Amino acid sequence: MTEDDSPQSRAGTDRDDDTEAQPDGGRYLSVKEIPETAPTTDRTWQTRLVDAVPTKRRALTYVVAITVAVLWIVPFIGLFMASLRPLSEIIGGWWHVEGMTITLENYYQAWNYSTAPMGRALRNTFIVTIPAVLVVMLLGVMAAYPFARFEFPLKTTLFFLILLVMAAPPELVAMGNYNSLQEIGLFDTYMGLILIHIGWGLGWVVLFLRNYLLGIPEELEEAARIDGASRYQIFRTIILPLSTPALVSVAVIQFTWVWNAFFFPLVFMRSPELYLAPQVLPLMRGRVQVEWGMIAAGSIMTMAVPVILFLVLERYYKRGMVAAVAD
Amino acid sequence: MAQVTLNHVTKRYEDVVAVNDMNLEIRDGEFVCLVGPSGCGKSTTMEMVAGLTKPSEGNVHIGDVDVTTLPPKDRGVAMVFQNIALFPHMDVYDNISFGLRLRKFDKEEIDRRVDRASDIVQLEGMLDRMPDEMSGGQRQRVAIARAIVREPDVFLMDEPLANLDAKLRVHMRTELQRLHKELDTTIIYVTHDQAEAMTMSDRIAVLDAGELQQIDPPLVCYNEPENLFVAGFIGSPSMNFAEGELVANGFESEHFTVEFDPSQVPGASVGDRVTLGIRPEDVFTVDRVQNLSSATASIDATTDVLEPMGDEIFVYLVLGESAERSMEGETASSNQLLMSVNPDSDIQEDQDVEVVLDRSKVHLFDTASGQALAHGIEELPGPSAGTGPDAGTSAGTGAGEGTESPVTEAESDR
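From first to last, the protein sequence lines are chains A and B.
Using the working numbering, the letters of the first sequence correspond one by one to residues 2 to 328.
Using the working numbering, the letters of the second sequence correspond one by one to residues 17 to 430.
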């Protein structure tokens with residue numbers, strides 16, 4: 002914090018001084034005023050420390066922010082601790098850290114759990130999640146583009162319908178599709194579950210991407226048209242590359258949603274060998290006593306995937322979110 | 017190379033008529049500016065030439081081809097947009113070569129053309145930069161280069177300089193003129209900035225409310241505007257207008273009169289409502305008009321606000337002897353007059369002055385229709401009429417010859 006703040010505040014004061022001195026409003030330095038070397042922080046650590054001490058108001062903000070952050074992270078730390086320690090150590094509370102034993106036994110047990118091994122469940126979850134995400138991205142952007150750019154009959158009505166689907170509760174979707182999936186023979190198959198996820202996800206994806214596409218200047222497309230690009234070429238060479246941040250956001254959010262979904266797999270997947278990771282976790286409770294350590298290890302493994310994905314794509318994700326919401 | 021012709025082109029959007037029965041003929045190699053206030057239909061007109069918008073009625077020809085229904089890519093046009101519209105995810109080379117790559121030109125040809133285009137707009141060594149690493153002026157050059165490489169028949173430019181700062185705009189103006197000279201291609205240029213239009217174009221097309229008001233070389237638009245709108249739009253600051261009546265011995269408004277023979281004004285008779293127009297530089301204080309042979313009788317006025325511009329001073333005059341300053345409403349304009357004077361002048365605010373108008377630069381318009389009646393008026397015949405043997409020649413719409421000589425004298429005096 003200290004190193005970050007001081008040079009910035011210095012730069013700020015410098016600018017102010019120029020504004021007063023310069024007749025042109027201080028937009029540019031005159032040539033003779035440009036220093037030979039970049040400005041250095043020539044002040045002692047004491048002055049910098051004094052500068053870095055926040056005001057009361059700012060301090061209060063920090064306190065609130067830190068409290069919220071701690072409240073947020075504590076359950077996660079608990080889960081993490083529980084996953085790494087034998088049951089005997091965590092049964093009295095994971096926060097007792099004296100004489101702590103670190104072991105990966107819980108992970109090993111969860112991975113090979115006899116009823117429904119976590120290893121298989123994770124693989125199954127990938128099988129469902131990856132197509133459900135990729136197809137939603139592709140279909141979503143292809144549906145969003147006309148809503149953002151074309152004029153066609155019933156455009157508003159159709160868009161409203163899409164929004165309406167978003168408002169429907171998942172239970173309704175499950176009930177409606179239970180019979181239809183059975184009739185077409187997709188019940189208890191990955192394909193059936195993937196289709197449900199695609200349908201459920203498309204609503205918000207279309208809304209989200211449409212808003213993002215509206216922010217891409219129309220002149221870019223007109224320029225491409227005049228240069229000779231067809232609609233499809235515009236879509237592929239201009240729209241798709243420019244939508245990358247939004248598509249990444251969609252991918253991350255949809256991935257997290259599909260991956261963590263518990264209700265849909267619970268309703269539509271019946272064979273234990275097809276169970277997905279979130280479905281397997283409650284099964285790990287055991288018969289005689291609750292295997293907290295194993296559940297914790299299974300949970301950590303399950304949640305690790307979307308968290309890692311988010312961390313990897315965070316940069317794009319933020320750009321996409323900001324642009325889509327800013328309009 | 018091609019001429020562009022618009023025949024009775026109309027464009028309606030639901031209940032708005034953006035362009036109304038436009039007839040426009042732009043000659044091969046000509047630089048034509050479409051000017052007009054916001055919403056006058058100039059951008060829509062250009063979009064119809066480009067093919068981005070289809071006209072509701074009428075047709076568009078480029079060269080000998082009716083392109084009304086052709087898509088933009090088959091029209092041989094290239095366009096530069098107001099917000100520059102570079103593809104942000106492509107570097108300069110890819111931006112410039114985009115159209116050529118779509119048309120499957122071979123690599124060597126693309127390189128050759130990109131080199132030439134970037135040479136013309138002075139972008140050497142920047143081909144691998146991304147648009148966000150460039151300044152506004154450089155981006156605009158890339159946009160122009162992107163248009164040049166296609167070697168189009170017609171260049172369309174939709175306010176390409178509007179987003180640049182004032183200094184750069186003046187610079188790019190010269191560059192565009194140089195470019196036009198070099199390429200010798202038809203250029204249609206949309207702007208709301210009449211200074212751009214005046215300086216660059218071969219002809220200016222003035223548009224208002226979706227209709228073509230006048231298309232003529234810049235100085236003709238300036239000196240012989242066809243109607244009130246053109247007169248007021250071309251020139252900055254704009255022409256002074258005074259509403260009044262055509263009377264037996266000339267023009268009479270609430271605050272001043274100008275004497276002339278009303279019979280020299282064709283299409284108007286005594287008693288008609290007419291509007292007199294006079295540009296600020298054609299108003300003089302009496303002590304500075306020794307050489308002005310065609311001065312009107314002096315008008316009493318009081319100076320109000322002065323606007324020193326450096327090369328000249330704009331003086332706001334309030335007419336009438338007991339001049340009361342009235343700022344309210346539209347009626348106020350008729351007793352105000354803007355005058356441009358030499359910067360050396362020692363004129364002060366709130367000073368009583370006598371001013372005259374340069375008779376040869378007076379414009380008369382029909383108040384109701386706005387149509388021009390006369391540009392430049394001769395002295396009142398009668399006692400003093402004998403002095404001018406050529407009296408009457410310059411009257412009427414063809415105000416050409418009579419307007420020249422007296423003014424040069426007057427201006428050299430200023």
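Just so it is clear, CB atoms sit at the ideal spot from N, CA and C, and this is done for glycine as well.
Values in this document were obtained by computation on a predicted structure and should not be read as measured data.
Any chain A beta carbon closer than 8 Å to residue i
i: residue 300 of chain B; result: no
i: residue 274 of chain B; result: no
i: residue 419 of chain B; result: Low confidence applies here, because residue 419 of chain B scores a pLDDT of 37, under 50, leaving its location unreliable and the question unanswered by this model.
i: residue 442 of chain B; result: The first residue shown for chain B is 17 and the last is 430, placing residue 442 of chain B beyond what the model contains.
i: residue 119 of chain B; result: yes
i: residue 330 of chain B; result: no
i: residue 183 of chain B; result: no
i: residue 105 of chain B; result: yes
i: residue 324 of chain B; result: no
i: residue 147 of chain B; result: no
i: residue 75 of chain B; result: no
i: residue 62 of chain B; result: no
i: residue 71 of chain B; result: no
i: residue 86 of chain B; result: no
i: residue 89 of chain B; result: yes
i: residue 179 of chain B; result: no
i: residue 115 of chain B; result: yes
i: residue 66 of chain B; result: yes
i: residue 97 of chain B; result: yes
8 Å contact criterion, which residue i and residue j should meet: CB distance rounded
i: residue 51 of chain B; j: residue 58 of chain B; result: 7 Å
i: residue 210 of chain A; j: residue 251 of chain A; result: 7 Å
i: residue 255 of chain A; j: residue 134 of chain A; result: 5 Å
i: residue 357 of chain B; j: residue 329 of chain B; result: 5 Å
i: residue 96 of chain B; j: residue 219 of chain B; result: Not really, about 19 Å apart at Cβ, beyond 8 Å.
i: residue 18 of chain B; j: residue 79 of chain B; result: 4 Å
i: residue 375 of chain B; j: residue 284 of chain B; result: Residue 375 of chain B to residue 284 of chain B, Cβ: 17 Å. No contact.
8 Å Cβ cutoff, residue i in contact with chain B
i: residue 1 of chain A; result: Summary: the structure shown does not reach residue 1 of chain A, with chain A confined to residues 2 through 328, and so no result is reported for it.
i: residue 324 of chain A; result: no
i: residue 149 of chain A; result: no
i: residue 144 of chain A; result: no
i: residue 152 of chain A; result: no
i: residue 223 of chain A; result: yes
i: residue 239 of chain A; result: yes
i: residue 315 of chain A; result: no
i: residue 204 of chain A; result: no
i: residue 155 of chain A; result: no
i: residue 171 of chain A; result: no
8 Å Cβ cutoff met for residue i and residue j
i: residue 123 of chain A; j: residue 295 of chain A; result: no
i: residue 108 of chain B; j: residue 158 of chain B; result: yes
i: residue 239 of chain A; j: residue 267 of chain B; result: no
i: residue 222 of chain B; j: residue 249 of chain B; result: yes
i: residue 223 of chain A; j: residue 68 of chain B; result: yes
i: residue 169 of chain B; j: residue 206 of chain B; result: no
i: residue 213 of chain A; j: residue 244 of chain A; result: yes
i: residue 458 of chain B; j: residue 379 of chain B; result: What the structure shows of chain B is the stretch from 17 to 430, and residue 458 of chain B is not part of that stretch, so it cannot be assessed.
i: residue 171 of chain B; j: residue 201 of chain B; result: yes
i: residue 63 of chain B; j: residue 24 of chain B; result: no
i: residue 60 of chain B; j: residue 76 of chain B; result: no
i: residue 314 of chain A; j: residue 249 of chain A; result: yes
i: residue 262 of chain B; j: residue 299 of chain B; result: no
i: residue 118 of chain A; j: residue 104 of chain A; result: no
i: residue 197 of chain B; j: residue 229 of chain A; result: no
i: residue 333 of chain B; j: residue 291 of chain B; result: no
i: residue 390 of chain B; j: residue 280 of chain B; result: yes
According to DSSP, residues forming a beta bridge with residue i
i: residue 324 of chain B; result: B:329
i: residue 387 of chain B; result: B:243
i: residue 115 of chain A; result: Residue 115 of chain A pairs with nothing; no bridge assigned.
i: residue 19 of chain B; result: Partner(s): none; residue 19 of chain B has no beta bridge.
i: residue 204 of chain B; result: B:48, B:172
i: residue 241 of chain A; result: In the DSSP output, where bridge partners are listed per residue, residue 241 of chain A has none listed.
i: residue 257 of chain B; result: B:293
i: residue 266 of chain B; result: B:263, B:275
i: residue 78 of chain B; result: B:20, B:81
Near the ligand GTP: residue i beta-carbon under 7 Å from a heavy atom
i: residue 59 of chain A; result: The ligand GTP is not part of this structure, which contains no ligands at all.
Task: In chain order, each beta strand (DSSP E) run of at least 3 residues that lies wholly inside the segment 209–246 of chain B - done: 219–224, 227–232
Task: Within the segment 140–187 of chain A, ranges of the alpha helix (DSSP H) (whole runs, at least 4 residues) - done: 156–168, 171–184
Task: Complete runs of the alpha helix (DSSP H) confined to the segment 267–315 of chain A [at least 4 residues] - done: 278–284
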